[in-house]
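Residue numbers (the numbering used here): 15 to 345.
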């Protein structure tokens, strides 16, 4: 018998909860209201209790903790064994994961073990109250269409969701809920992975997921050296530097800067798209930004359909003028 719960995998690394967890809880609150299900977070760690309060503050009504020294860092075999046992015992209706490096490894393993479906890289979730099923929307066919997928015959219904597609909604500082400690028995579970060392890729200049302002360049720049203009504008604004897939594929800039369906999904307060036409693959990664400014000499470019402010003109004239005026205001 299902517990009629929505579970959010509360992914943490080095004792810090991943931001996407709070986004999933905020969206999960909406889904819980529609479905009548209870929203719960599931923490696998050495000690999950300290995470509970903030998970309550973002909407969780219940926090399941699975504590074991083997959960000090992500190990797929240990994680999946414990998580799948919890699912079999409690039978939630829906489980949601962030489409992070860990989530993209963990969720498919869980789905395979439980013989249920998984919709990856969702950009929208909704609940069909008439049929009692989760509506999972994601780009398909290279991002040219948006497909809504359902899993009517197997449980739990499972999705991974990219970071920054849902807004975080912190309810208060003192929300309350129930903490439930679940037993963990990993004896006899073979682990095929061992962490020997950890190398973190990139640096602060490419941490687009947390950037409040992003200036991105596209193929319309015309040449790789034109990214110097993008970097200068970004420096004046205190912004991150983004890029379209076309420029990354052309070798103009590192893939760490790529925004879009096959890159990073971002949600800054201000997104400036320079020389970017606005293919659906790119829009999927930035269209939830608070304010979008598009600079393009082609007035019919699709980017203008989502832009709040559109500037039709030569970027070689517009961007230097923006830089000049920003510097003048600072003087």
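Note that CB positions come from ideal geometry on N, CA and C, so glycine has one too.
Minimum Cβ-Cβ distance from residue i to chain D less than 9 Å
i	result
residue 231	Among the chains of the structure shown, chain D does not appear; only one protein chain is present.
Beta-carbon gap between residue i and residue j smaller than 9 Å
i	j	result
residue 57	residue 24	yes
residue 306	residue 317	yes
residue 79	residue 96	no
residue 296	residue 327	no
residue 172	residue 227	no
residue 123	residue 90	yes
residue 191	residue 48	no
residue 303	residue 234	no
residue 149	residue 42	no
residue 256	residue 271	yes
residue 55	residue 22	yes
residue 202	residue 287	no
residue 243	residue 329	yes
residue 101	residue 170	yes
residue 82	residue 200	yes
residue 178	residue 280	yes
residue 112	residue 174	yes
Pairwise C-alpha distance: residue j and residue i
i	j	result
residue 353	residue 207	Examination of residue 353 is not possible in this model, given that the chain is present from 15 through 345 alone.
residue 218	residue 247	In this predicted model, residue 218 has a pLDDT of only 42, less than 50, meaning its place in the structure is not dependable; the value taken from the coordinates is given anyway. So the two alpha carbons sit approximately 17 Å from each other.
residue 345	residue 245	20 Å
residue 51	residue 68	20 Å
residue 185	residue 71	6 Å
residue 188	residue 31	18 Å
residue 240	residue 259	16 Å
residue 18	residue 45	12 Å
residue 222	residue 37	17 Å
residue 195	residue 104	13 Å
residue 93	residue 84	9 Å
residue 282	residue 251	13 Å
residue 320	residue 225	20 Å
Distance cut-off 8 Å: residue i Cβ against heavy atoms of the ligand SAM
i	result
residue 198	Absence of the ligand SAM from the depicted structure is noted, as is the absence of any ligand whatsoever, leaving it without description.
Span of the beta strand (DSSP E) around residue i
i	result
residue 59	52-59
residue 254	254-257
residue 143	Premise fails: residue 143 is in no beta strand (DSSP E) and is neither H nor E.
Span of the alpha helix (DSSP H) around residue i
i	result
residue 246	241-251
residue 393	Here the chain covers residues 15 to 345 and nothing more, so residue 393 does not appear.
Checklist entry - Okay, do the segment 139-147 and the segment 157-168 touch, 3+ Cβ pairs below 8 Å being the bar? => result yes
Next on the checklist: Give the list of continuous beta strand (DSSP E) stretches no shorter than 3 residues that lie fully inside the segment 175-232.
Outcome noted: 192-195 and 227-231
Checklist entry - Quick one: complete beta strand (DSSP E) runs, 3+ long, within the segment 52-137? => result 52-59, 76-81, 108-112 and 132-136
Item to check | Contiguous beta strand (DSSP E) assignments of at least 3 residues, all confined to the segment 300-334 | outcome: 305-310 and 323-326
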